[in-house]
Structure formats: structure tokens, C-alpha cells
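Numbering (our numbering), first residue to last: 325 to 438.
By construction, the Cβ of each residue, glycine as well, lies at the ideal position given by its N, Cα and C atoms.
Encoded as C-alpha cells, the structure appears first; notes follow it.
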């Protein structure tokens with residue numbers, strides 16, 4: 325009888341250790357998934373930023389993106405006011421991009437990713 329109780333006790337201890345190991349594994353998987361989500365969101369933000377920069381560049385050169393979608397590639401010279409507006413939008417976009425990059429780097433540092 326004592327042997328049976330001892331075997332059950334050892335089996336319970338083994339089960340507890342296995343559950344703790346499994347919990348650590350699941351926490352690591354969760355951490356990796358969250359880090360992946362942060363990186364994916366940053367990549368999406370970079371892609372949006374690049375698309376907006378391309379649109380601003382085309383507007384500066386005198387082309388219109390909406391017209392490109394209609395296969396109309398006519399060039400018109402933007403006025404000085406339009407160029408000033410494009411430049412201010414460009415500066416705002418650069419500032420947002422820098423703050424997003426700092427936020428992303430800080431998030432990765434907090435997660436312990438190099």
C-alpha cells in the first residue's frame with residue numbers, strides 16, 4: 325500500500341513539473357506572437373508611409389495619383405501654394421514617421437529583441 329501511495333505521489337509531482345514546463349512554453353509562444361504582431365504592424369505602417377511619400381512626390385512633379393488610376397498621365401505644373409502645402413504635409417509625415425520609429429524601437433527594447 326505504501327508503494328502505491330509513493331508511486332501516486334511521484335506521478336503527481338511529475339505532472340506538476342510537466343504543467344509548469346508547458347506553461348512556460350505557452351508564455352514564450354505568446355510573447356513571440358505578440359512580438360510578431362508588433363513587427364507586422366510596423367511593416368504595415370512603413371508601407372503606408374512609403375505609399376504616401378510616393379503620392380507626395382508625384383504631386384510635387386505635377387502628376388495626380390487619381391488620374392494615374394484612370395490611365396491619364398498628363399502633367400500639370402503645381403502652383404507655389406500647392407508646393408508649400410505638399411511640403412508641409414511631407415514634414416508632418418516625416419515627424420510622424422520618426423515618432424513611430426522611436427515607438428517601435430522602444431517596444432522592441434521592452435520585449436528584449438535586439
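With respect to the C-alpha of residue 430, the residue from 385, 362, 392, 418 having the closest C-alpha is 362. If you look at residue 356, you'll find it in the alpha helix (DSSP H) that goes 326-385. In the structure shown, residue 420 adopts helical secondary structure according to DSSP, grouped into three states. Residue 379 is not a Cβ neighbour of residue 424, given a cutoff of 7 Å. The beta carbons of residue 359 and residue 435 sit about 5 Å from each other, so the pair counts as a contact at 8 Å. For residue 393, the enclosing alpha helix (DSSP H) covers residues 389-393. Straight across, the Cα-Cα distance linking residue 340 with residue 366 is about 39 Å.
Rounded to whole angstroms, the gap between the alpha carbons of residue 354 and residue 381 is 41 Å. The C-beta separation of residue 384 from residue 417 comes to about 13 Å, leaving the pair out of contact by the 8 Å criterion.
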